[in-house]
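Enquirer:
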Amino acid sequence: MKVPVLALILLIACAPCVVAQSVLVTEIMVDPTPQIGLPNAEYVELFNPGNQPITLDDLSISTGGRAVTAGAGYPPLESGEYVVLVRQAFTAEFRALGARVLPLQLPALVNGGDEIILLLGADTIQHLRYTPDWYHDIDRDGGGYSLAYTGSGATDCSGHWRASTEAAGGSPGRANAVYGQPADRQPPALVSASLTPSGVDVSFDEPVAGSIFFTVDGLPVPSATSDGQNHHLPLASVERGRLYELVILPDYADCAGNYADREQRIPLLLADDPAAGELVINEILFNPVVGGHDYVELLNTSSSAFNLAGLQLYNRNSASRPKRVDTAFLLPPGGYVVLTADGEDLSARFANVDTAQVVEMRLPSLPNESGNLSLRLPDGAVLDAVDYHEDFHAEWLSSVEGVSLERIDPRSVLAGRDNWASAATASGYGTPTRPNSQNRSATLAAGELRIEAESTTFSPDGDGYEDRFILHYESPDPGYLANLQVFDLEGRRVVAPLRSNLLGTTGSLSWDGRRDDGGLAPPGPYIVVVETFAADGARQTHKMVAVVAGSR
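Numbering (mature numbering (1 follows the signal peptide of the UniProt record, and there is no 0)) for the sequence shown: -20 to -1, 1 to 532.
1) Helix, strand or coil for residue 141, going by three-state DSSP, please let me know.
2) Give the single residue among 328, 332 and 340 whose Cα lies nearest to the Cα of residue 318.
3) Does the beta-carbon of residue 159 have 16 or more other beta-carbons within 10 angstroms, so that it is buried, or is it exposed?
4) Using beta-carbon positions only, say whether residue 315 and residue 305 come within less than 8 Å of one another.
5) According to DSSP, is residue 454 part of a helix, a strand, or is it coil?
6) In angstroms with no decimal places, state the Cα-to-Cα distance between residue 62 and residue 91.
7) If I follow the unbroken alpha helix (DSSP H) through residue 329, where does it start and stop?
8) How about residue 96: is its Cβ closer than 7 Å to a heavy atom in the ligand SAM?
9) My understanding is that residue 174 touches residue 361, with C-beta atoms under 8 Å, so please give their C-beta distance in whole angstroms.
10) Within the same chain, show all residues whose beta-carbon is closer than 6 Å to that of residue 182, passing over the 5 residues directly before and after it, in chain order.
11) Would you report the Cα separation of residue 129 and residue 117, rounded to the nearest angstrom?
12) Assuming residue 72 is part of the alpha helix (DSSP H), what are its boundary residues?
13) Leaving out the 5 sequence neighbours to the left and right, which residues in its chain are closer than 6 Å to residue 79 when beta-carbon positions are compared?
14) Tell me the DSSP bridge mates of residue 280?
15) How many angstroms separate the CA atom of residue 2 from the CA atom of residue 28?
16) Which full runs of the beta strand (DSSP E) of 3+ residues lie inside the segment 423 to 499, going along the chain?
17) Quick check: what's the CA-CA separation for residue 474 versus residue 418?
18) Give me the Cβ distance between residue 135 and residue 5, rounded to the nearest whole Å; I'm assuming they're in contact under 8 Å.
19) Residue 26 and residue 150: beta carbons closer than 8 Å?
20) Bridge partners of residue 504, per DSSP?
21) In chain order, what are the residue ranges of uninterrupted beta strand (DSSP E) at least 3 long that sit wholly in the segment 224 to 249?
22) Going by CA-CA distance only, name the one from 358, 364, 396 and 72 that's closest to residue 372.
23) What separation, rounded to the nearest whole angstrom, lies between the Cα atoms of residue 193 and residue 184?
24) Please classify residue 234 as buried or exposed, where buried requires at least 16 neighbouring CB atoms within 10 angstroms.
25) Verify whether the separation of the beta carbon atoms of residue 197 and residue 357 is less than 8 Å.
26) From 434, 59 and 501, pick the residue whose C-alpha is nearest to that of residue 451; which is it?
27) Go through its chain and collect everything with a Cβ distance to residue 365's Cβ below 6 Å, but skip five positions before and after it.
28) How many whole angstroms separate the CB atoms of residue 279 and residue 262, which I take to be in contact at a CB cut-off of 8 Å?
29) Three-state secondary structure (DSSP) at residue 407?
30) Between which two residues does the beta strand (DSSP E) harbouring residue 214 extend?
31) Applying the criterion that 16 or more other CB atoms from any shown protein chain within 10 Å of the CB defines a buried residue, is residue 23 buried or exposed?
32) With DSSP as the reference, label residue 33 as helix, strand or coil.
33) Got a sec? Which residues, its chain only, sit under 8 Å from residue 506 by beta carbon, not counting five neighbours each side?
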(Lines of atoms letter the chains of each structure in order from A and count residues from 1; the text may use other names and numbers.)
(Lines give C-alpha, C1' and ligand atoms only; values in the text may rest on other atoms or scores of the structure.)
Protein backbone atom coordinates (compact mmCIF):
# COMPACT_ATOMS: atom_id res chain seq x y z
CA MET A 1 0.00 0.00 0.00
CA LYS A 2 1.50 3.31 -1.04
CA VAL A 3 0.89 6.03 1.52
CA PRO A 4 3.09 8.93 2.61
CA VAL A 5 5.32 7.86 5.47
CA LEU A 6 7.76 10.07 7.31
CA ALA A 7 9.55 7.39 9.26
CA LEU A 8 9.19 3.87 10.58
CA ILE A 9 10.57 3.67 14.12
CA LEU A 10 11.04 0.49 16.09
CA LEU A 11 11.27 1.15 19.83
CA ILE A 12 12.50 -1.83 21.80
CA ALA A 13 12.71 -2.18 25.56
CA CYS A 14 15.22 -4.89 26.25
CA ALA A 15 17.04 -6.78 28.95
CA PRO A 16 20.00 -5.10 30.67
CA CYS A 17 23.44 -5.10 29.05
CA VAL A 18 22.11 -5.38 25.50
CA VAL A 19 24.61 -3.86 23.08
CA ALA A 20 24.05 -1.95 19.89
CA GLN A 21 23.05 -4.00 16.82
CA SER A 22 21.73 -6.77 19.10
CA VAL A 23 18.48 -6.68 17.08
CA LEU A 24 18.63 -6.36 13.32
CA VAL A 25 16.06 -5.76 10.60
CA THR A 26 16.88 -8.61 8.21
CA GLU A 27 13.97 -8.74 5.77
CA ILE A 28 11.34 -6.28 4.58
CA MET A 29 8.34 -7.03 2.40
CA VAL A 30 7.45 -3.63 1.03
CA ASP A 31 5.25 -4.58 -1.92
CA PRO A 32 3.61 -8.03 -1.70
CA THR A 33 1.74 -7.54 -4.99
CA PRO A 34 1.79 -9.47 -7.29
CA GLN A 35 1.58 -12.37 -4.88
CA ILE A 36 4.30 -14.96 -5.62
CA GLY A 37 3.95 -17.54 -2.87
CA LEU A 38 3.56 -15.71 0.43
CA PRO A 39 0.56 -14.13 2.15
CA ASN A 40 -0.44 -10.86 0.54
CA ALA A 41 0.91 -8.76 3.40
CA GLU A 42 3.73 -6.36 4.20
CA TYR A 43 6.07 -7.49 6.96
CA VAL A 44 9.31 -6.67 8.76
CA GLU A 45 11.58 -9.43 10.04
CA LEU A 46 13.84 -8.97 13.09
CA PHE A 47 16.76 -11.15 14.14
CA ASN A 48 18.66 -11.42 17.43
CA PRO A 49 22.33 -12.09 16.54
CA GLY A 50 23.50 -11.64 20.14
CA ASN A 51 23.85 -14.10 22.99
CA GLN A 52 21.16 -12.60 25.24
CA PRO A 53 17.36 -12.68 24.96
CA ILE A 54 15.63 -9.41 24.05
CA THR A 55 12.41 -8.35 25.76
CA LEU A 56 9.81 -7.27 23.21
CA ASP A 57 6.99 -6.21 25.55
CA ASP A 58 7.32 -2.54 24.63
CA LEU A 59 8.10 -2.93 20.95
CA SER A 60 6.57 0.02 19.12
CA ILE A 61 6.32 1.08 15.51
CA SER A 62 5.81 4.74 14.72
CA THR A 63 5.05 6.20 11.31
CA GLY A 64 4.38 9.84 10.66
CA GLY A 65 4.36 10.44 14.44
CA ARG A 66 1.74 7.73 15.10
CA ALA A 67 3.00 4.96 17.38
CA VAL A 68 1.69 1.41 17.53
CA THR A 69 2.76 -0.75 20.49
CA ALA A 70 2.87 -4.54 20.55
CA GLY A 71 1.88 -4.76 24.22
CA ALA A 72 3.01 -7.00 27.07
CA GLY A 73 3.01 -10.74 27.32
CA TYR A 74 5.10 -11.66 24.28
CA PRO A 75 8.02 -14.04 24.99
CA PRO A 76 11.55 -12.62 24.65
CA LEU A 77 13.40 -12.95 21.36
CA GLU A 78 16.03 -15.57 22.09
CA SER A 79 19.57 -15.58 20.72
CA GLY A 80 19.58 -16.61 17.04
CA GLU A 81 15.82 -16.29 16.71
CA TYR A 82 13.72 -14.46 14.11
CA VAL A 83 10.38 -12.77 14.60
CA VAL A 84 8.06 -11.41 11.93
CA LEU A 85 6.13 -8.20 12.54
CA VAL A 86 2.88 -8.40 10.61
CA ARG A 87 -0.70 -7.20 10.88
CA GLN A 88 -3.05 -9.19 13.09
CA ALA A 89 -5.20 -10.36 10.19
CA PHE A 90 -2.30 -12.32 8.67
CA THR A 91 -1.04 -13.98 11.86
CA ALA A 92 -2.38 -17.46 11.08
CA GLU A 93 -1.06 -17.43 7.50
CA PHE A 94 2.49 -16.62 8.60
CA ARG A 95 2.43 -19.08 11.48
CA ALA A 96 1.40 -21.75 8.96
CA LEU A 97 4.73 -21.05 7.25
CA GLY A 98 6.54 -21.89 10.49
CA ALA A 99 7.39 -18.28 11.29
CA ARG A 100 7.35 -16.81 14.79
CA VAL A 101 4.94 -13.90 14.54
CA LEU A 102 4.45 -10.73 16.55
CA PRO A 103 1.02 -9.43 15.48
CA LEU A 104 0.48 -5.69 15.58
CA GLN A 105 -0.94 -2.91 13.44
CA LEU A 106 2.13 -2.62 11.22
CA PRO A 107 2.26 0.80 9.52
CA ALA A 108 2.26 0.81 5.73
CA LEU A 109 5.63 0.72 3.99
CA VAL A 110 6.18 2.99 1.00
CA ASN A 111 7.12 1.08 -2.18
CA GLY A 112 9.31 3.88 -3.46
CA GLY A 113 11.48 4.06 -0.33
CA ASP A 114 11.21 4.67 3.39
CA GLU A 115 13.26 5.17 6.54
CA ILE A 116 13.54 2.55 9.27
CA ILE A 117 15.06 3.44 12.64
CA LEU A 118 15.72 0.90 15.39
CA LEU A 119 15.99 2.30 18.93
CA LEU A 120 16.97 0.90 22.29
CA GLY A 121 15.73 3.40 24.80
CA ALA A 122 17.05 6.75 23.64
CA ASP A 123 19.88 5.18 21.59
CA THR A 124 19.59 4.62 17.87
CA ILE A 125 21.12 1.25 17.08
CA GLN A 126 19.97 0.89 13.49
CA HIS A 127 18.98 3.42 10.90
CA LEU A 128 18.40 2.53 7.27
CA ARG A 129 16.67 4.17 4.35
CA TYR A 130 15.74 1.65 1.65
CA THR A 131 14.98 2.49 -1.97
CA PRO A 132 13.96 0.37 -5.00
CA ASP A 133 17.66 0.29 -6.00
CA TRP A 134 18.32 -1.98 -3.01
CA TYR A 135 16.74 -4.88 -4.91
CA HIS A 136 19.64 -4.93 -7.40
CA ASP A 137 17.40 -7.02 -9.66
CA ILE A 138 15.12 -5.54 -12.34
CA ASP A 139 13.24 -8.84 -12.59
CA ARG A 140 12.28 -8.80 -8.90
CA ASP A 141 11.86 -5.13 -8.02
CA GLY A 142 8.31 -4.79 -9.30
CA GLY A 143 6.57 -6.42 -6.35
CA GLY A 144 6.12 -9.84 -4.80
CA TYR A 145 9.72 -10.19 -3.57
CA SER A 146 11.12 -9.04 -0.25
CA LEU A 147 14.27 -7.06 0.43
CA ALA A 148 16.71 -9.41 2.18
CA TYR A 149 19.82 -8.59 4.21
CA THR A 150 22.84 -10.59 3.03
CA GLY A 151 24.28 -10.83 6.53
CA SER A 152 27.59 -9.11 5.79
CA GLY A 153 28.45 -5.55 6.75
CA ALA A 154 26.40 -2.62 7.92
CA THR A 155 22.65 -2.98 7.60
CA ASP A 156 22.29 0.64 6.48
CA CYS A 157 24.35 -0.04 3.32
CA SER A 158 22.44 -0.71 0.11
CA GLY A 159 25.20 -3.06 -1.05
CA HIS A 160 24.32 -5.49 1.73
CA TRP A 161 20.71 -5.91 0.61
CA ARG A 162 19.16 -7.53 -2.43
CA ALA A 163 15.92 -9.04 -3.66
CA SER A 164 15.08 -12.38 -2.11
CA THR A 165 15.79 -15.31 -4.42
CA GLU A 166 13.29 -17.56 -2.68
CA ALA A 167 10.77 -19.15 -5.05
CA ALA A 168 7.98 -17.91 -2.76
CA GLY A 169 9.31 -14.34 -2.85
CA GLY A 170 10.74 -14.27 0.67
CA SER A 171 11.70 -16.28 3.76
CA PRO A 172 9.88 -14.72 6.75
CA GLY A 173 11.02 -16.20 10.05
CA ARG A 174 14.09 -18.02 8.81
CA ALA A 175 17.55 -17.38 7.37
CA ASN A 176 17.64 -15.55 4.05
CA ALA A 177 18.62 -17.51 0.95
CA VAL A 178 20.94 -14.67 -0.05
CA TYR A 179 22.96 -14.84 3.18
CA GLY A 180 26.64 -14.31 2.33
CA GLN A 181 25.81 -13.22 -1.23
CA PRO A 182 26.10 -9.42 -1.41
CA ALA A 183 24.64 -8.15 -4.67
CA ASP A 184 26.82 -5.07 -4.95
CA ARG A 185 30.40 -5.77 -5.99
CA GLN A 186 30.76 -2.65 -8.16
CA PRO A 187 31.81 0.88 -7.19
CA PRO A 188 29.33 3.74 -7.54
CA ALA A 189 28.55 4.23 -11.23
CA LEU A 190 28.03 7.64 -12.75
CA VAL A 191 24.37 8.03 -13.73
CA SER A 192 24.38 11.59 -14.97
CA ALA A 193 26.48 14.73 -15.19
CA SER A 194 24.80 17.83 -16.52
CA LEU A 195 25.69 21.47 -16.88
CA THR A 196 23.29 24.05 -15.47
CA PRO A 197 23.48 27.85 -15.39
CA SER A 198 24.85 27.61 -11.82
CA GLY A 199 27.30 24.72 -12.17
CA VAL A 200 27.47 20.95 -12.62
CA ASP A 201 25.05 18.40 -11.21
CA VAL A 202 26.51 14.90 -10.78
CA SER A 203 24.58 11.79 -9.76
CA PHE A 204 25.68 8.24 -9.01
CA ASP A 205 23.64 5.06 -8.83
CA GLU A 206 24.38 4.78 -5.10
CA PRO A 207 25.85 7.02 -2.39
CA VAL A 208 29.59 7.64 -2.32
CA ALA A 209 31.00 6.90 1.14
CA GLY A 210 33.74 9.32 2.13
CA SER A 211 35.58 11.75 -0.13
CA ILE A 212 35.33 12.25 -3.86
CA PHE A 213 37.19 14.84 -5.94
CA PHE A 214 36.10 16.67 -9.09
CA THR A 215 37.77 19.08 -11.52
CA VAL A 216 36.12 21.22 -14.20
CA ASP A 217 38.46 22.34 -17.00
CA GLY A 218 41.42 21.33 -14.86
CA LEU A 219 40.43 23.28 -11.75
CA PRO A 220 39.31 21.51 -8.57
CA VAL A 221 35.70 22.19 -7.65
CA PRO A 222 34.37 21.10 -4.25
CA SER A 223 30.88 19.71 -3.95
CA ALA A 224 28.76 22.42 -2.36
CA THR A 225 25.74 20.23 -1.68
CA SER A 226 25.72 16.45 -1.52
CA ASP A 227 23.72 13.60 -0.05
CA GLY A 228 26.43 11.16 -1.11
CA GLN A 229 24.58 10.20 -4.27
CA ASN A 230 23.83 13.61 -5.82
CA HIS A 231 26.44 16.39 -5.94
CA HIS A 232 26.26 20.02 -7.05
CA LEU A 233 29.52 21.68 -8.14
CA PRO A 234 29.05 25.48 -8.25
CA LEU A 235 30.72 27.49 -11.03
CA ALA A 236 31.10 31.27 -11.04
CA SER A 237 29.80 31.50 -14.62
CA VAL A 238 28.62 29.11 -17.30
CA GLU A 239 28.73 30.00 -21.01
CA ARG A 240 26.02 28.55 -23.23
CA GLY A 241 27.49 26.67 -26.20
CA ARG A 242 30.95 26.29 -24.65
CA LEU A 243 32.27 22.77 -24.13
CA TYR A 244 33.48 22.01 -20.59
CA GLU A 245 35.24 18.90 -19.28
CA LEU A 246 34.38 17.32 -15.95
CA VAL A 247 36.97 14.95 -14.47
CA ILE A 248 36.06 12.56 -11.64
CA LEU A 249 39.20 11.32 -9.92
CA PRO A 250 39.41 7.66 -8.85
CA ASP A 251 39.68 6.08 -5.38
CA TYR A 252 36.17 6.83 -4.20
CA ALA A 253 34.02 3.99 -2.88
CA ASP A 254 30.55 2.94 -1.77
CA CYS A 255 29.55 1.79 1.70
CA ALA A 256 30.34 -1.82 0.74
CA GLY A 257 33.99 -0.92 0.11
CA ASN A 258 33.90 -1.18 -3.70
CA TYR A 259 36.50 1.32 -5.00
CA ALA A 260 36.50 3.06 -8.37
CA ASP A 261 39.93 2.60 -9.93
CA ARG A 262 39.78 4.74 -13.05
CA GLU A 263 39.48 8.40 -13.90
CA GLN A 264 36.36 9.54 -15.75
CA ARG A 265 36.25 12.42 -18.23
CA ILE A 266 32.85 13.78 -19.27
CA PRO A 267 32.24 16.53 -21.83
CA LEU A 268 29.55 19.00 -20.76
CA LEU A 269 27.55 21.47 -22.77
CA LEU A 270 24.74 23.82 -21.82
CA ALA A 271 22.65 23.09 -24.89
CA ASP A 272 19.32 24.33 -26.17
CA ASP A 273 16.33 21.98 -26.17
CA PRO A 274 15.51 20.23 -29.46
CA ALA A 275 12.49 21.32 -31.44
CA ALA A 276 9.90 18.94 -32.84
CA GLY A 277 11.47 16.94 -35.68
CA GLU A 278 15.05 17.53 -34.52
CA LEU A 279 15.08 14.48 -32.25
CA VAL A 280 13.05 11.60 -33.64
CA ILE A 281 12.13 8.02 -32.81
CA ASN A 282 14.09 6.14 -35.44
CA GLU A 283 13.74 2.45 -34.54
CA ILE A 284 11.57 0.40 -32.16
CA LEU A 285 11.76 -3.18 -30.98
CA PHE A 286 8.45 -3.74 -29.21
CA ASN A 287 8.18 -7.53 -29.56
CA PRO A 288 11.53 -9.00 -28.46
CA VAL A 289 12.32 -12.70 -28.43
CA VAL A 290 11.66 -14.55 -25.20
CA GLY A 291 14.20 -13.34 -22.63
CA GLY A 292 15.03 -10.25 -24.67
CA HIS A 293 14.22 -6.58 -24.03
CA ASP A 294 12.48 -3.77 -25.89
CA TYR A 295 14.59 -0.93 -27.23
CA VAL A 296 14.01 2.52 -28.70
CA GLU A 297 16.51 4.32 -30.92
CA LEU A 298 16.57 8.10 -31.19
CA LEU A 299 18.23 10.07 -34.02
CA ASN A 300 19.42 13.67 -33.89
CA THR A 301 18.47 15.10 -37.30
CA SER A 302 19.67 18.63 -36.49
CA SER A 303 23.01 20.45 -36.68
CA SER A 304 23.17 20.95 -32.89
CA ALA A 305 24.10 18.70 -29.98
CA PHE A 306 21.43 17.92 -27.38
CA ASN A 307 21.54 16.77 -23.79
CA LEU A 308 19.04 13.95 -23.32
CA ALA A 309 18.78 14.32 -19.53
CA GLY A 310 15.18 14.94 -18.52
CA LEU A 311 13.57 13.72 -21.76
CA GLN A 312 10.48 11.58 -21.21
CA LEU A 313 9.16 8.54 -23.06
CA TYR A 314 5.52 7.67 -22.54
CA ASN A 315 2.50 5.91 -23.99
CA ARG A 316 -0.20 8.52 -24.49
CA ASN A 317 -2.83 5.76 -24.53
CA SER A 318 -1.88 4.67 -21.02
CA ALA A 319 -2.26 6.26 -17.59
CA SER A 320 1.22 5.01 -16.59
CA ARG A 321 3.79 7.58 -15.55
CA PRO A 322 6.33 8.70 -18.19
CA LYS A 323 9.80 7.17 -18.06
CA ARG A 324 12.55 9.77 -17.77
CA VAL A 325 16.08 9.74 -19.13
CA ASP A 326 18.16 10.36 -16.00
CA THR A 327 21.52 10.07 -17.72
CA ALA A 328 23.19 13.26 -19.00
CA PHE A 329 24.01 12.13 -22.54
CA LEU A 330 25.25 14.49 -25.25
CA LEU A 331 23.88 13.42 -28.62
CA PRO A 332 25.84 15.03 -31.47
CA PRO A 333 24.34 16.07 -34.82
CA GLY A 334 23.42 12.95 -36.79
CA GLY A 335 24.03 10.78 -33.72
CA TYR A 336 22.10 7.71 -32.61
CA VAL A 337 21.30 6.63 -29.06
CA VAL A 338 19.47 3.49 -27.97
CA LEU A 339 17.38 3.37 -24.81
CA THR A 340 16.84 -0.06 -23.27
CA ALA A 341 16.63 -1.80 -19.90
CA ASP A 342 19.58 -4.10 -20.61
CA GLY A 343 22.49 -2.91 -22.75
CA GLU A 344 24.40 -6.18 -22.31
CA ASP A 345 21.49 -8.17 -23.71
CA LEU A 346 21.24 -5.75 -26.65
CA SER A 347 24.91 -6.28 -27.55
CA ALA A 348 24.51 -10.05 -27.29
CA ARG A 349 21.55 -10.16 -29.70
CA PHE A 350 22.52 -7.61 -32.37
CA ALA A 351 25.71 -7.06 -34.34
CA ASN A 352 28.07 -4.10 -34.08
CA VAL A 353 26.27 -2.34 -31.24
CA ASP A 354 28.17 0.77 -30.15
CA THR A 355 27.90 0.41 -26.37
CA ALA A 356 28.88 4.06 -25.92
CA GLN A 357 25.59 4.96 -27.61
CA VAL A 358 23.42 2.88 -25.27
CA VAL A 359 21.62 4.33 -22.26
CA GLU A 360 20.01 1.92 -19.81
CA MET A 361 16.63 2.99 -18.47
CA ARG A 362 13.13 1.70 -17.90
CA LEU A 363 10.93 2.03 -20.96
CA PRO A 364 7.18 2.56 -21.00
CA SER A 365 5.10 -0.50 -21.77
CA LEU A 366 5.25 -1.38 -25.47
CA PRO A 367 2.49 -3.92 -26.25
CA ASN A 368 3.42 -6.54 -28.85
CA GLU A 369 0.46 -6.01 -31.18
CA SER A 370 0.10 -2.23 -31.28
CA GLY A 371 0.73 0.82 -29.16
CA ASN A 372 1.96 4.35 -28.89
CA LEU A 373 5.39 5.72 -28.11
CA SER A 374 5.82 9.45 -27.55
CA LEU A 375 8.84 11.61 -26.76
CA ARG A 376 8.61 14.92 -24.95
CA LEU A 377 10.65 17.55 -23.12
CA PRO A 378 10.41 18.01 -19.33
CA ASP A 379 8.02 20.93 -19.91
CA GLY A 380 5.63 18.66 -21.82
CA ALA A 381 6.45 19.82 -25.37
CA VAL A 382 6.08 16.79 -27.68
CA LEU A 383 9.06 16.13 -29.96
CA ASP A 384 7.82 13.00 -31.74
CA ALA A 385 5.17 10.31 -31.48
CA VAL A 386 4.60 6.96 -33.18
CA ASP A 387 1.43 4.87 -33.27
CA TYR A 388 2.90 1.51 -34.25
CA HIS A 389 1.22 -1.76 -35.23
CA GLU A 390 2.58 -5.23 -35.95
CA ASP A 391 0.97 -4.93 -39.40
CA PHE A 392 3.73 -2.43 -40.27
CA HIS A 393 6.06 -5.45 -40.59
CA ALA A 394 6.76 -7.13 -43.92
CA GLU A 395 4.02 -9.59 -44.76
CA TRP A 396 6.66 -12.12 -45.81
CA LEU A 397 7.79 -12.65 -42.22
CA SER A 398 6.40 -15.79 -40.58
CA SER A 399 7.21 -14.32 -37.14
CA VAL A 400 7.95 -10.76 -36.08
CA GLU A 401 9.44 -11.69 -32.69
CA GLY A 402 12.83 -10.01 -32.36
CA VAL A 403 12.32 -7.90 -35.53
CA SER A 404 12.56 -4.15 -35.11
CA LEU A 405 10.62 -1.52 -37.02
CA GLU A 406 12.88 1.04 -38.70
CA ARG A 407 11.92 4.53 -39.76
CA ILE A 408 12.33 4.80 -43.52
CA ASP A 409 12.73 8.58 -43.74
CA PRO A 410 13.50 10.31 -40.40
CA ARG A 411 12.70 13.72 -41.86
CA SER A 412 9.38 12.78 -43.40
CA VAL A 413 6.09 13.89 -41.83
CA LEU A 414 4.46 10.66 -43.00
CA ALA A 415 2.97 8.60 -40.20
CA GLY A 416 1.88 4.99 -40.09
CA ARG A 417 3.13 2.08 -42.13
CA ASP A 418 4.17 4.30 -45.07
CA ASN A 419 7.24 5.39 -43.11
CA TRP A 420 8.10 2.22 -41.16
CA ALA A 421 9.46 -1.15 -42.27
CA SER A 422 10.93 -4.34 -40.85
CA ALA A 423 14.70 -4.36 -40.40
CA ALA A 424 16.46 -6.44 -43.05
CA THR A 425 17.44 -10.07 -42.61
CA ALA A 426 21.13 -9.29 -43.25
CA SER A 427 21.12 -6.79 -40.38
CA GLY A 428 19.96 -9.43 -37.92
CA TYR A 429 16.50 -7.83 -37.95
CA GLY A 430 17.73 -4.77 -36.06
CA THR A 431 20.32 -2.00 -36.32
CA PRO A 432 20.53 -0.43 -32.84
CA THR A 433 23.10 2.44 -32.72
CA ARG A 434 23.65 2.15 -36.50
CA PRO A 435 22.01 3.58 -39.63
CA ASN A 436 18.80 1.78 -40.47
CA SER A 437 18.86 -1.01 -43.01
CA GLN A 438 15.71 0.52 -44.50
CA ASN A 439 16.15 3.96 -46.06
CA ARG A 440 14.12 5.10 -49.03
CA SER A 441 16.30 6.03 -51.99
CA ALA A 442 15.43 9.20 -53.86
CA THR A 443 17.60 8.23 -56.87
CA LEU A 444 15.63 5.20 -58.10
CA ALA A 445 12.48 5.21 -60.15
CA ALA A 446 9.40 3.55 -58.71
CA GLY A 447 9.72 -0.23 -58.88
CA GLU A 448 13.35 -0.12 -60.06
CA LEU A 449 15.72 -2.40 -58.16
CA ARG A 450 19.42 -2.44 -59.10
CA ILE A 451 21.74 -5.40 -58.58
CA GLU A 452 25.38 -5.32 -59.67
CA ALA A 453 28.24 -7.74 -59.22
CA GLU A 454 31.35 -6.45 -57.47
CA SER A 455 33.48 -8.69 -59.70
CA THR A 456 32.56 -11.43 -62.16
CA THR A 457 35.46 -13.69 -61.18
CA PHE A 458 36.19 -14.92 -57.67
CA SER A 459 38.41 -17.57 -56.09
CA PRO A 460 37.02 -19.29 -52.95
CA ASP A 461 40.45 -20.45 -51.78
CA GLY A 462 40.44 -18.77 -48.37
CA ASP A 463 43.31 -16.38 -49.08
CA GLY A 464 41.20 -13.36 -48.13
CA TYR A 465 41.11 -11.93 -51.66
CA GLU A 466 37.88 -12.20 -53.71
CA ASP A 467 36.81 -15.32 -51.82
CA ARG A 468 33.11 -14.67 -52.46
CA PHE A 469 30.92 -13.64 -55.38
CA ILE A 470 29.32 -10.43 -54.09
CA LEU A 471 26.24 -8.66 -55.41
CA HIS A 472 25.39 -5.13 -54.30
CA TYR A 473 21.76 -4.03 -54.48
CA GLU A 474 19.75 -0.84 -54.10
CA SER A 475 15.96 -0.86 -53.92
CA PRO A 476 13.54 2.06 -54.19
CA ASP A 477 11.42 0.87 -51.28
CA PRO A 478 11.76 -1.39 -48.25
CA GLY A 479 10.08 -4.77 -48.01
CA TYR A 480 11.61 -6.62 -50.99
CA LEU A 481 12.11 -10.36 -50.59
CA ALA A 482 14.94 -12.13 -52.44
CA ASN A 483 15.89 -15.67 -53.44
CA LEU A 484 19.37 -16.42 -54.81
CA GLN A 485 20.17 -19.58 -56.79
CA VAL A 486 23.22 -20.74 -58.74
CA PHE A 487 23.05 -23.00 -61.84
CA ASP A 488 25.70 -24.60 -64.03
CA LEU A 489 25.70 -24.07 -67.80
CA GLU A 490 23.53 -27.18 -68.24
CA GLY A 491 20.78 -25.59 -66.17
CA ARG A 492 21.30 -27.84 -63.14
CA ARG A 493 20.96 -26.12 -59.80
CA VAL A 494 24.24 -26.02 -57.87
CA VAL A 495 23.09 -24.29 -54.69
CA ALA A 496 20.43 -21.94 -53.28
CA PRO A 497 22.37 -19.88 -50.72
CA LEU A 498 19.51 -17.49 -49.92
CA ARG A 499 15.79 -18.09 -49.61
CA SER A 500 13.13 -15.57 -48.56
CA ASN A 501 15.77 -13.01 -47.57
CA LEU A 502 14.19 -9.70 -46.51
CA LEU A 503 16.21 -6.94 -48.16
CA GLY A 504 17.08 -3.52 -46.88
CA THR A 505 17.08 -0.53 -49.19
CA THR A 506 20.81 -1.06 -49.75
CA GLY A 507 23.04 -4.01 -49.03
CA SER A 508 24.76 -7.03 -50.50
CA LEU A 509 24.19 -10.71 -51.23
CA SER A 510 26.91 -13.29 -51.77
CA TRP A 511 27.82 -16.85 -52.76
CA ASP A 512 30.83 -18.50 -51.13
CA GLY A 513 31.45 -20.90 -54.02
CA ARG A 514 30.06 -23.99 -52.28
CA ARG A 515 27.52 -26.47 -53.65
CA ASP A 516 24.45 -27.82 -51.84
CA ASP A 517 26.55 -30.75 -50.55
CA GLY A 518 29.10 -28.40 -48.95
CA GLY A 519 31.89 -29.02 -51.44
CA LEU A 520 33.48 -26.30 -53.56
CA ALA A 521 32.09 -25.83 -57.05
CA PRO A 522 34.60 -26.73 -59.80
CA PRO A 523 36.28 -23.83 -61.61
CA GLY A 524 34.29 -22.38 -64.48
CA PRO A 525 31.29 -20.16 -65.27
CA TYR A 526 27.95 -20.33 -63.47
CA ILE A 527 24.62 -18.54 -63.81
CA VAL A 528 23.49 -16.63 -60.73
CA VAL A 529 19.76 -15.93 -60.58
CA VAL A 530 18.24 -13.46 -58.12
CA GLU A 531 14.45 -13.32 -57.85
CA THR A 532 12.95 -10.36 -56.01
CA PHE A 533 9.38 -9.81 -54.89
CA ALA A 534 8.02 -6.37 -53.99
CA ALA A 535 5.50 -5.82 -51.23
CA ASP A 536 2.73 -5.60 -53.87
CA GLY A 537 3.76 -9.00 -55.28
CA ALA A 538 5.60 -7.67 -58.35
CA ARG A 539 8.38 -10.08 -59.36
CA GLN A 540 11.72 -9.32 -61.01
CA THR A 541 14.42 -11.75 -62.15
CA HIS A 542 18.09 -10.75 -62.39
CA LYS A 543 20.64 -13.04 -64.07
CA MET A 544 24.42 -12.68 -64.22
CA VAL A 545 27.52 -14.77 -64.74
CA ALA A 546 29.90 -15.74 -61.95
CA VAL A 547 33.22 -17.37 -62.74
CA VAL A 548 34.98 -19.57 -60.19
CA ALA A 549 38.69 -19.07 -60.88
CA GLY A 550 41.13 -21.98 -60.89
CA SER A 551 42.43 -24.82 -63.03
CA ARG A 552 40.07 -27.56 -64.17
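Quick reminder that beta carbons are idealized off the backbone N, C-alpha and C, glycines included. Note that this is a predicted model, so its numbers are computed, not measured.
Expert: Taking the geometry as given:
1) strand
2) 340
3) exposed
4) no
5) strand
6) 23 Å
7) 323 to 329
8) By its list of ligands, the structure shown contains no ligand whatsoever, and the ligand SAM lies outside what it can speak to.
9) Rounded, the Cβ-Cβ distance is 19 Å, inconsistent with contact.
10) 173 and 211
11) 14 Å
12) 71 to 75
13) 64, 152 and 153
14) 259
15) 6 Å
16) 430 to 433, 449 to 454, 461 to 467, 473 to 482 and 486 to 491
17) 31 Å
18) 6 Å
19) no
20) 528
21) 244 to 249
22) 396
23) 14 Å
24) buried
25) no
26) 434
27) 354
28) 4 Å
29) helix
30) 210 to 214
31) buried
32) coil
33) 466, 467, 468, 469, 474, 525, 526, 527 and 528
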